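Using full-length UniProt numbering, read the sequence shown as starting at 1 and increasing by one per residue.
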Amino acid sequence: MNGGDSSTNLASNSGAVNNTNNDEPATHDAETKGGWESEEAEMPSEEVIAPSPHDGLYYCQYVICQQRKGYALKCQLTKHIRTHVLPVKCSECPYAAAEKKDVDRHVKAAHRRLAEQTWGPMEPILCALCKKEFTRRDNAQKHYKTKHVR
């Protein structure tokens, strides 16, 4: 805290922060979390996620995929496929991500009013040197290292 200010400061000499697609999804299931609703697209059918008869590995079947390696486990391919489907959607804008945690992070940074309705008051993170505000600690650290460390 900084002189009665309720914001979090970026430590001035350490760089640390002190904390007080192209494929279309088929259908969506909505999940309500506090003040915002996330949508999750349906994942591809089991026929798409089947092991190769040649080597038993799981391969991505999306034509646009640049990743041509095989996965030993079905769950590894399923996680990879989420990068194509981007099944979790922001209810406020077109942003979509592979995992809900990424959409939560987006909502906290891009939709502050909605984030505060959902998670409560959000303390801004301030650079101790120039007082620039950030919503994410990693962005504050990057700013500090690129703008103030020589």
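Virtual Cβ for every residue (Gly too), placed ideally from N, Cα, C.
It should be emphasised that the depicted structure is a prediction, and the values quoted were computed from it without experimental measurement.
In terms of residue numbering, what span does the alpha helix (DSSP H) encompassing residue 77 cover?
74 to 85
Could you check how far apart the C-beta atoms of residue 112 and residue 135 are, in whole angstroms? I think they sit under 8 Å.
7 Å
If we call anything under 8 Å between Cβ atoms a contact, is residue 49 one with residue 83?
no
Endpoints, the beta strand (DSSP E) within which residue 126 is located:
125 to 127
Secondary structure, alpha helix (DSSP H): runs of 4+ residues fully inside the UniProt domain "C2H2-type" (125 to 150)
137 to 147
Nearest-angstrom Cα separation, counted from residue 104 out to residue 141
20 Å
Using the beta-carbon count (16 or more within 10 Å), is residue 90 buried or exposed?
buried
Pull up the distance between the alpha-carbon of residue 61 and that of residue 127, whole angstroms please.
46 Å
What first and last residue would you give for the alpha helix (DSSP H) that runs through residue 57?
From DSSP, residue 57 is part of no alpha helix (DSSP H); its letter is neither H nor E.
Sort out for me which residues DSSP pairs residue 109 with in a bridge.
DSSP lists no partner for residue 109.
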